[in-house]
Amino acid sequence: MNGSPLRRIGTGWLLVLPFLALVVALFLGPIVNILWLSVTDPEPGLGNYAALVTSDNLVGILWTTIRICVITTAFSVIFGYSIAYAMVHVAQGSRNQMLSLLLVSFWISVLVRTFSWLMLLGRKGLVNETLVNIGIIAEPIEFMRNELGVLIGMVHYMIPYAVLPLLAVMQNIDGRVLSASRSLGATGQQTFWRVYLPLTRPGLVAASLLVFILSLGFYVTPAILGGGKVLMVAEYISVQILVTLRWGTAAMLAALMLFGVLALLFLMSRFMKLSTIFGGAKA
Amino acid sequence: MIDGAVSGGLRLKALTKRFGSFTAAESVNLDIRRGEFLTLLGPSGSGKTTLLMMIAGFLDITEGDILLDGMSIAGMPPEKRNFGMVFQGYALFPHMSVRQNIAYPLDVRKRPKAEIEARVDEMLDLVQLQDFGHRLPGQLSGGQQQRVALARALCFAPPVLLLDEPLGALDKKLRVEVQDQLKDIHRRVGTTFIYVTHDQEEALSMSDRIVIMQKGRIEQVGTPEELYQKPRTRFAASFLGKSNFLTKDGALYALRPEKIDIAPKGAGQGPNRVSGTVRAMTYFGSVLKYDVTVPGMDEIEVDADAWRGGAPLAAGAEVDLSWSDAAAVRLERD
Amino acid sequence: MHDKQFMRETVAEGAKAFKEGRMDRRSFLVLCGMAGIATQSVIAGDAEAAANEIVMWNWGGQSEECHGAAIGDPFTAETGMPLKFDTSGPLQGKIKEMVDSGNVTADVCDADLFDAVALGPSGHLEPIDYDIVSKDRTLPQYALEHGVSIILYGYAFVYDTEAYGDNPPKSWADFFDTAKFPGKRSLYKWANGALEGALLADGVSKDALYPLDMDRALAKIKSIKDDSLYWGSGSEAHSMVVNGEVSMGMVWQNRGRNIENDTDGRYKLVMNEALAMPGAYIVPKGNPAGREAVMKFIATAQGVPSQLTLLDCLGMTPSNPEAFAQIPEDQQPYAITSAMNIDNIVYNDPTWWGENGGDAVNAFLDAIS
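See the structure below:
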């Protein structure tokens, strides 16, 4: 009686085993390689990791990266929340239009967006020229080529990524729960803060994680909109690999990013089931 | 006794709701008395939920008015109306404990903490969930959730409690149990209950008065007994209980199956008598149900007392059916 | 895997292509816009190296037709071997990875001479065979063991004539003097040229530049940091100037002409103290065509006709002294080794950069970020 289902499972595993092995090899192989490199190049030992403590340079880059990612995450999620909220509450037709616009924006390359921002908000961009011409400001506002520029570009890029998980959660909220709150005497605002917001928390966590992790890997936008003064880890890693040949340093930073993200996911999993965050089975 | 409502009389005046060209409720006039248990009964799409949602304030009124103790509340947002409401599926706040759920209406009214705690204890007593205060709704059974929803809706002593098919999700046996508790709670709090259901037995057993609705209109209003004994329309007679319909002298009569005597052919007595053949007999324990074919009439259903009615008659038996004059109720319209 | 890597580095490479003036602005923007599609076509252009052909690893864009016309055509006519291209850009890291992996698919890299110093001693490059390649047909200091300079490019600066009309800046000292010449500046982000410019501005003489005094250079760089932007690609350098973001901009000298044209002469190139950079050909260890064939190819590139075609096609200045006198009139103001500029330029030291470049770039990045 037990035999046949067990055997069926066994056969199933056998069928996927080669692919599983392939995935494990292709996925874990490079990671092991990076870890190995980080403790062997240029010489065996933990020298690369020690640089994290001894080098103000590295600490500064990490701090810049984390600061920018946190701010980007905060603004992307706030804007994304408003957009998702609007999408859930407009008529079906408008919602489909908004969704199409959102998806189209995924197709616009990061370079095009970046240069568009320069044309719009640069020193001689549309906004500054207009403001100067109508006499509101005397000197152009420095929107671009600094950290503000990086944040504008990154938040803009990240908003759609924040919207999608929030939208999924908001669409699943039972409208009767909100009606119940109103009928029990809560105003619209009270209902939002005390019922709606807590119920969208899994979406908030998912959106924040997604945006933060994606932000960590940002490269083009900070490089161009930061005017060269905003150096984030991804760009630094690329320079160490391609230009300065400090592969050990690059591997160490890559490993650090990897474990940082894993630690983050682990911490989150302590507070809520990851499967609910990423849209799996409901808790 | 829970300190309850001092008001709670509602008047619906020519209340109408249209969605585009569809009329969900048409010119409904109804007085709801303070403290009564009133049931809106009808099939789905009859307008009963629309009516409830207009009373609650979740739907705008197209025409007409709603008065609470003489004052118009049309256009007032739901949270200002102070009506409790129990939703289909309960609509408990899944992220709050039972206590937090029940305390919610007092919390948002910023009442003192001690008062809230005392009141929540009182409500937990009322619905007999004293030991469940710290659970989350997801950890409760359906019947327990239903009671939490009730306690939450009654916690702020609303003058009117609106219930939208609150027992729909419960199984049959549990439903009867909760019906009794609900009736008991209604008696104790004295709040006006407006109860929406499509279940006629529920309506009969719980209500002070029943409003039968069809196609956005009120078909008939009355106590359960009035409605059962004196239905005014064919719809009322057939939706609340079962009925045979007879035509006599151009008028339509409703005749309840249990008011018909059935006897072997030749043994029938009484002023109204017809002969027919038993097509089918079904045994329900206390009742024997006969489907009798009578030449020139629709098939007639007869419920006979299984204990007093003598030996069951088998299918194919020739029978006489008879009833008193009072048993047949003349209907006002089809 | 290859195309993903390319996607990520599209900017860096597109930028590098600009640096050498081999891609015009329009094609760069098209590349940006088409992203994935562009990637595919570039990948399709990749060639598998074989023994009977030369594969040149360069930066794409116009360089294919220019290298083809300048070197490929005469070389094929002479040897019968065709020239093919891998346009993914031979950054140091990629050359090292290719040789380390044992799968060498390129014969010659269009690189910098300091790359030869950085990669040669570790065994990643074939030595140059100076029996075939001529030491006389390049500048004497730029014929190194593992690489030979074929062309020169340089770091110079442009300035806004409307901002400094009557008293224009003439030197790096003026460039770094934001009190006398107020306004924004732009500099190269990867340290090269910027460090030399800073030291010259600080009073170090041309002959005493190397070894670079890093602390002194970085202090000078930091002194104008608040007024500085830094570019990582030729397109950025170009747009920072053309869009009026800066009043003085360090640029690759061969872009000077474009900038002057695009701004209708408002911005003007200053060639005084321009820093000459030796662009070099280097050969990955174990190249598929064999050492002799590729050396012949390099020798062809040294020829005067090839040198002048590269100048005409890409704006790259000849390294072969025989070609100096033949630089056409209209190219003279922009060419590094033309008679009017050659006495005022400063030569880059590829040995110092090859040995210290990594640290210098990191220190520079730290200073500006």
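Chains as they are written, first to last, in my numbering: chain Z, 448 to 730; chain C, 5 to 338; chain U, 382 to 750.
Glycine included, each C-beta is placed from N, C-alpha and C at the ideal position.
Where MET437 of chain U sits in the DSSP three-state scheme: strand
Residue from U:LEU599, U:GLY667, U:MET697, U:TRP553 whose Cα sits closest to the Cα of VAL436 of chain U: U:GLY667
Contact under 8 angstroms by Cβ, HIS190 of chain C with PRO47 of chain C: no
Whether LEU691 of chain U touches TYR536 of chain U by CB criterion (8 angstroms): no
Positions along the region 62-87 of chain C whose CB lies within less than 9 angstroms of some CB in chain Z: PHE62, PRO81, PRO82, GLU83, LYS84, ARG85, ASN86, PHE87
ARG334 of chain C versus C:LEU256, C:LYS263, C:GLY289, C:ARG260, residue with shortest Cα-Cα distance: C:LEU256
Beta carbon proximity, LEU678 of chain Z to chain U, threshold 8 angstroms: yes
Residues near VAL675 of chain U by beta carbon distance below 8 angstroms, same chain, minus five either side: ILE435, ASP488, VAL489, GLU507, VAL664, ASN668
Residues bridged to LEU165 of chain C [DSSP beta-bridge criterion]: C:GLY88, C:PHE197
Nearest-angstrom Cα separation, counted from LEU678 of chain Z out to TYR569 of chain U: 14 angstroms
Exposure label - SER503 of chain U; buried when at least 16 CB within 10 Å: exposed
Counted within 10 angstroms of its Cβ, other Cβ atoms place TRP311 of chain C as buried (16 or more) or exposed: exposed
Straight-line Cα distance separating VAL585 of chain U from SER616 of chain U: 31 angstroms
Distance cut-off 7 angstroms: GLU641 of chain U Cβ against heavy atoms of the ligand FAD: Within the structure as shown, the ligand FAD is missing, as the structure has no ligands at all.
For ALA468 of chain Z: DSSP bridge partner residues: DSSP output for ALA468 of chain Z lists no bridge partner at all.
Chain Z within 8 angstroms of LEU610 of chain U, Cβ atoms only: yes
Cut-off 6 angstroms between Cβ atoms - residues of its own chain near SER530 of chain U, not counting five sequence neighbours on either side: LEU494, THR519, TYR523, PRO659, ALA661, SER700
Terminal residues of the beta strand (DSSP E) in which GLY68 of chain C lies: 67-72
At least 3 beta-carbon pairs within less than 8 angstroms: the region 558-576 of chain Z vs the region 661-674 of chain Z: yes
Rounded straight-line distance, which links the Cα of LEU473 of chain Z to that of VAL463 of chain Z: 15 angstroms
Contact check, GLY272 of chain C vs ASP324 of chain C, beta carbons under 8 angstroms: yes
Residue closest to CYS159 of chain C, alpha-carbon to alpha-carbon, out of C:ALA95, C:LEU244, C:LEU317, C:ALA122: C:ALA122
Beta carbon proximity, HIS99 of chain C to chain Z, threshold 8 angstroms: yes
Distance between LEU644 of chain Z and ALA701 of chain Z (C-alpha atoms, nearest Å): 35 angstroms
The region 108-125 of chain C: positions lying closer than 9 angstroms to chain Z by Cβ: TYR108, PRO109, LEU110, ASP111, VAL112, ARG113
Residues that THR251 of chain C bridges to, as DSSP identifies them: C:LEU256
Any 3 or more C-beta pairs closer than 8 angstroms across the region 12-22 of chain C and the region 58-69 of chain C: yes
Partners in chain Z for ARG156 of chain C, counting only beta-carbon separations shorter than 7 angstroms: LEU631
C-alpha distance - MET285 of chain C paired with TRP327 of chain C, whole-angstrom precision: 19 angstroms
Where the region 466-496 of chain U meets chain Z: residues whose CB sits under 8 angstroms from a CB there: LEU472, GLN473, GLY474, LYS475, LYS477
Residues near ALA582 of chain U in its chain [Cβ-Cβ closer than 7 angstroms; skip 5 each side]: TRP553, ALA554, PHE556, PHE557, LYS601
Interface flag, MET89 of chain C vs chain Z, CB-CB below 8 angstroms: yes
Interface flag, ILE663 of chain U vs chain Z, CB-CB below 8 angstroms: no
Own chain partners of VAL727 of chain U with C-beta closer than 8 angstroms, once the 5 adjacent residues on each side are dropped: GLU577, LEU581, LYS587, LEU590, GLU654, ALA655, LEU656, ALA657
Rounded C-alpha distance that separates ASN248 of chain C from ILE264 of chain C: 10 angstroms
Within chain Z, partners of PHE160 of chain C - CB distance below 9 angstroms: LEU631, GLY632
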